[in-house]
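Participant: Counting from 35, one number per residue, gives the positions in the sequence shown under my numbering.
First the structure, then my questions, so here it is.
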Amino acid sequence: MKKHIIIATYDGISTHYSGVGTIAKNLVFALTKLSDTYDFKVSIAYINVNKQSKVFNSQCFEDSYNLVNKTGGLLIPLCNSTKGESEWDMWRSIKEWDYASISLVTALNLTLKFDEENYIILNDTPFLFFAKYKELVNDKKLKCFYFPLSTGKNHAFGDEGWRHNRIIEETMCFDLIAKDSNSKTIALGKRFSERMSEDYGLVFNESDFLQNGLCFEKYNEFLDKKFNNEDLKKFGIEIDSNKKIIFSWGRCSIAKGFKELTRAWVNASVKLPDHFLVLQIPNNSGEKDYFDEVMEILSETSRYIVIDDFNPEIWRTILRTNNTDLVCIPSLMDPFPHTSIEAKLFSKDMNYITMISDIDGAVDAFNPDESIYIDPRDTELFADKIIHSSLMNYDSKRSIIDQSMTTIDKFDFSKIIFNFLKVNINL
35 MKKHIIIATY
45 DGISTHYSGV
55 GTIAKNLVFA
65 LTKLSDTYDF
75 KVSIAYINVN
85 KQSKVFNSQC
95 FEDSYNLVNK
105 TGGLLIPLCN
115 STKGESEWDM
125 WRSIKEWDYA
135 SISLVTALNL
145 TLKFDEENYI
155 ILNDTPFLFF
165 AKYKELVNDK
175 KLKCFYFPLS
185 TGKNHAFGDE
195 GWRHNRIIEE
205 TMCFDLIAKD
215 SNSKTIALGK
225 RFSERMSEDY
235 GLVFNESDFL
245 QNGLCFEKYN
255 EFLDKKFNNE
265 DLKKFGIEID
275 SNKKIIFSWG
285 RCSIAKGFKE
295 LTRAWVNASV
305 KLPDHFLVLQ
315 IPNNSGEKDY
325 FDEVMEILSE
335 TSRYIVIDDF
345 NPEIWRTILR
355 TNNTDLVCIP
365 SLMDPFPHTS
375 IEAKLFSKDM
385 NYITMISDID
395 GAVDAFNPDE
405 SIYIDPRDTE
415 LFADKIIHSS
425 LMNYDSKRSI
435 IDQSMTTIDK
445 FDFSKIIFNF
455 LKVNINL
């Protein structure tokens, strides 16, 4: 019986601005690769956007179309009552989560075949709501894998009323999923599973994980290159050739810990006169007040550069720049940030060590002897570790970097998703 894998997601198919989108893009890439060897069908249900809008991404869309076309599946646009101008509007509206899930039920009833084994990957928190309507799907054997990528109790986003309602709904959905023998909640990494167990009482078995990763082939071009400060001028980054860089990047969200990093930099900068703090923190997460707070903290110090631009060529270039001395991933509420794996991958033959928040999923990418662990909320200790790490001697730094590279193969997403599908759908 043919296996039919459906991916339901709101980003990464016809748009891309977030880590959710990166996961969806990685699924498309890896399944396209696997389809050369294995016979399965893939369909993709995604939040519809206006192709004339600024959020539409033609490359994402083309990759998705090619996968479903190659495997005989369908590309299915779902309800978006925001007129398809912004997938962001859909994400922050709980009503939209209901609309999208009900729309998904309708789409499945029109497309699923009873002579196929049907499996659906529900990518990100909004599609937890599908659990409320799953009983309306005609195929009662449909196997569901729910991938929440944040929770209301873990992610301090939105006002208290919004979060309160979100947590009530999430709790109900997790309960429905636990009672359904054909459904599983999948944790993206061990640390996030611990948070969901503590916050919602979820229980995870060995097969209930999908470790985050990267499709390594996408990065080969940069991994063979090295740059210096002069090469950064094309991005408007003006730093003297002898100055060193402390770097952090990601969308400017409370989840990422940039406020904590900038507070630490205010303290540490006095003792690091040859270093610049460079932040690539695009203000596209809908948290402008947070961005303004970060900028206000930085106004108390000097030698910092803030880049409000999503362009991935920027962070890839900085990570391959010889002057980059320290990379910080100060995240507070991320289940498993891609930046931690990217920092690990790009450190090959470079001179920087990575400083990792030890309070969320970032630690899933680095063992303690592969990085410097910090609690970003402890400003004084954070600053001390920035100073210590930046002034560390070459041999000590080299030992940490080399040890980190010994575990990079664990994060090859094509292998990760194959093993997940092998265990869960007998691929």
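Don't be surprised by glycine CBs; every beta carbon is placed ideally from N, CA and C.
Going by other Cβ atoms of all chains shown within 10 Å of its Cβ, with 16 needed for buried, is Q314 buried or exposed?
Facilitator: Walking along the sequence shown from the start, residue 314 turns up at place 280. Buried, by the Cβ-count rule.
Participant: Sort E334, A399, L306 and F269 by Cα distance to D342 and report the nearest one.
Facilitator: Working through the sequence shown from its first residue, we reach residue 342 at position 308. Measuring from the Cα of D342, the nearest candidate turns out to be F269.
Participant: Between the alpha carbons of E264 and I352, how many angstroms are there, rounded?
Facilitator: By 1-based counting over the sequence shown, the position of residue 264 is 230. By 1-based counting over the sequence shown, the position of residue 352 is 318. One C-alpha to the other measures close to 11 Å.
Participant: Could you spell out where the beta strand (DSSP E) holding I348 opens and where it closes?
Facilitator: Taking the sequence shown and counting its residues from 1, one reaches residue 348 at position 314. Element bounds for I348: not the beta strand (DSSP E) but the alpha helix (DSSP H), P346 to L353.
Participant: Confirm, please, whether the CB-CB distance from N385 to D359 is below 8 Å.
Facilitator: Within the sequence shown, residue 359 is the residue found at index 325, counting from 1. Within the sequence shown, residue 385 is the residue found at index 351, counting from 1. Taking 8 Å as the Cβ cut-off, D359 and N385 qualify as a contacting pair.
Participant: Since G195 and G395 should fall inside the 8 Å C-beta cutoff, what is the C-beta to C-beta distance between them, to a whole number of angstroms?
Facilitator: Looking up residue 195 in the sequence shown gives position 161. Looking up residue 395 in the sequence shown gives position 361. Rounded, the Cβ-Cβ distance is 27 Å, inconsistent with contact.
Participant: In chain order, what residues of the same chain lie with their CB nearer than 6 Å to the CB of E404, ignoring the 5 residues before and after it?
Facilitator: Stepping through the sequence shown from its first residue, residue 404 is reached at position 370. Correct list, in chain order: Q437 and S438.
Participant: Within 10 angstroms of its Cβ, does R432 collect 16 or more other Cβ (buried), or is it exposed?
Facilitator: Residue 432 sits at position 398 when you count from the first residue of the sequence shown. Answer is exposed; the Cβ neighbour count stays below 16.
Participant: Please identify the residue among T441, F164, K187 and Q86 whose C-alpha is closest to the C-alpha of K177.
Facilitator: In the sequence shown, residue 177 corresponds to position 143, counting from 1. Looking at T441, F164, K187 and Q86, the one whose alpha-carbon comes closest to that of K177 is F164.
Participant: Of all the options D368, S319, K278 and A221, which has the alpha carbon lying nearest to the alpha carbon of I387?
Facilitator: As a first step, residue 387 is located in the sequence shown; it is residue number 353 there, counting from the start. Distance from the Cα of I387 is smallest, within the candidate group D368, S319, K278 and A221, for K278.
Participant: Note down, in chain order, each residue of its chain lying with its Cβ closer than 6 Å to the Cβ of K449, except the 5 sequence neighbours on either side.
Facilitator: The residue given as residue 449 occupies position 415 in the sequence shown. Excluding positions up to five away in sequence, the list is empty.
Participant: Which residue marks the beginning of the alpha helix (DSSP H) containing V328, and which one marks its end?
Facilitator: By 1-based counting over the sequence shown, the position of residue 328 is 294. Its alpha helix (DSSP H) spans residues K322 to L332.
Participant: Alpha carbon to alpha carbon, what distance is there between T205 and F174?
Facilitator: As a first step, residue 174 is located in the sequence shown; it is residue number 140 there, counting from the start. As a first step, residue 205 is located in the sequence shown; it is residue number 171 there, counting from the start. The sequence shown places Lys at residue 174, rather than the Phe named in the question. Those two C-alpha atoms are separated by around 23 Å.
Participant: Does the contact criterion of 3 or more C-beta pairs under 8 Å hold for the region 287-297 versus the region 314-323?
Facilitator: yes
Participant: Report the rounded CA-to-CA distance for K382 versus L210, giving the unit in angstroms.
Facilitator: Looking up residue 382 in the sequence shown gives position 348. Looking up residue 210 in the sequence shown gives position 176. About 45 Å.
Participant: I'd like to know whether the C-beta atoms of G46 and I57 end up nearer to each other than 8 Å.
Facilitator: Counting from 1 along the sequence shown, the entry for residue 46 is found at position 12. Counting from 1 along the sequence shown, the entry for residue 57 is found at position 23. Yes, they are a contact pair.
Participant: At which residues does the beta strand (DSSP E) containing M389 begin and terminate?
Facilitator: On the sequence shown, position 355 is the one that residue 389 refers to. Here the beta strand (DSSP E) through M389 covers I387 to S391.
Participant: Classify T355: buried if its beta carbon has 16 or more other beta carbons within 10 angstroms, exposed otherwise.
Facilitator: Counting from 1 along the sequence shown, the entry for residue 355 is found at position 321. T355 should be labelled buried.
Participant: Using the C-alpha atoms, what's the distance from D398 back to K378?
Facilitator: Residue mapping note: residue 378 aligns to position 344 of the sequence shown, counting from 1. Residue mapping note: residue 398 aligns to position 364 of the sequence shown, counting from 1. About 11 Å.
Participant: Provide the residue(s) that pair with N157 in DSSP beta bridges, ordered along the chain.
Facilitator: Position 123 of the sequence shown holds residue 157. DSSP lists F181 as the bridge partner or partners of N157.
Participant: Thinking F179 and P369 are a contact (beta carbons under 8 Å), I'd like their distance in whole angstroms, please.
Facilitator: Position 145 of the sequence shown, counted from the first residue, corresponds to residue 179. Position 335 of the sequence shown, counted from the first residue, corresponds to residue 369. Not confirmed; about 15 Å, so no contact.
Participant: Do P111 and L295 have their C-beta atoms closer together than 8 Å?
Facilitator: Locating residue 111 in the sequence shown gives position 77, counting from the first residue. Locating residue 295 in the sequence shown gives position 261, counting from the first residue. No, they are not a contact pair.
Participant: Tell me where the alpha helix (DSSP H) around V171 begins and ends.
Facilitator: Position 137 of the sequence shown holds residue 171. Counting along the chain, V171 falls outside any alpha helix (DSSP H), and DSSP gives it neither H nor E.
Participant: Residues in the same chain with beta-carbon distance under 8 Å from D274, minus the five sequence neighbours each way, listed in chain order, please.
Facilitator: One-based indexing of the sequence shown puts residue 274 at position 240. If we look at D274 and ignore the five residues flanking it on each side, its Cβ neighbours are N263.
Participant: Taking only runs that begin and end inside the region 368-451, name each unbroken alpha helix (DSSP H) of 4 or more residues, in chain order.
Facilitator: 372-380, 413-424 and 428-439
Participant: What are the partner residues of C362, as DSSP defines its beta bridges?
Facilitator: Counting from one through the sequence shown, the residue named residue 362 turns up at place 328. Beta-bridge pairing links C362 to M389.
Participant: Buried or exposed for I393, please, with buried defined as at least 16 other CB atoms from any protein chain shown within 10 angstroms of its CB.
Facilitator: As a first step, residue 393 must be located in the sequence shown, where it is residue number 359. Its Cβ being crowded by 16 or more others within 10 Å, I393 is buried.
Participant: Does the beta-carbon of N345 have 16 or more other beta-carbons within 10 angstroms, so that it is buried, or is it exposed?
Facilitator: Residue mapping note: residue 345 aligns to position 311 of the sequence shown, counting from 1. Classification for N345: exposed.
Participant: Secondary structure at E119, three-state DSSP: helix, strand or coil?
Facilitator: Mapped onto the sequence shown, residue 119 falls at position 85. Correct three-state label for E119: coil.
Participant: Going by the DSSP bridge assignment, what does Y80 pair with across the sheet?
Facilitator: Here the question's residue 80 lines up with position 46 in the sequence shown. Answer by DSSP bridge pairing, in chain order: T43 and P111.
Participant: Roughly how many angstroms separate the alpha carbons of C113 and F90, rounded to a whole number?
Facilitator: Position 79 of the sequence shown, counted from the start, is the residue given in the question as residue 113. Position 56 of the sequence shown, counted from the start, is the residue given in the question as residue 90. One alpha carbon belongs to C113, the other to F90, and they sit about 16 Å apart.
Participant: When the Cβ atoms of the region 92-112 are set against those of the region 58-76, are three or more pairs found closer than 8 Å?
Facilitator: yes
Participant: Please determine, among V102, S282 and Y80, the residue with the shortest C-alpha to C-alpha distance to I348.
Facilitator: To locate residue 348, count along the sequence shown from 1; it is residue 314. Ranking the options by Cα distance to I348, first place goes to S282.
Participant: Can you check whether the CB of S391 is closer than 8 Å to the CB of L425?
Facilitator: In the sequence shown, counting from the first residue as 1, residue 425 sits at position 391. In the sequence shown, counting from the first residue as 1, residue 391 sits at position 357. For L425 and S391, no; Cβs fall outside 8 Å.
Participant: Express the C-alpha separation of Y407 and P307 in angstroms, rounding to a whole number.
Facilitator: Here the question's residue 307 lines up with position 273 in the sequence shown. Here the question's residue 407 lines up with position 373 in the sequence shown. Cα to Cα, the separation comes out at about 23 Å.
Participant: Skipping 5 residues on each side, what residues in its chain have a beta carbon closer than 7 Å to that of L236?
Facilitator: For the purposes of this step, residue 236 is taken as the residue at position 202 of the sequence shown. Within the same chain, L236 has close Cβ partners F208, T219 and M230.
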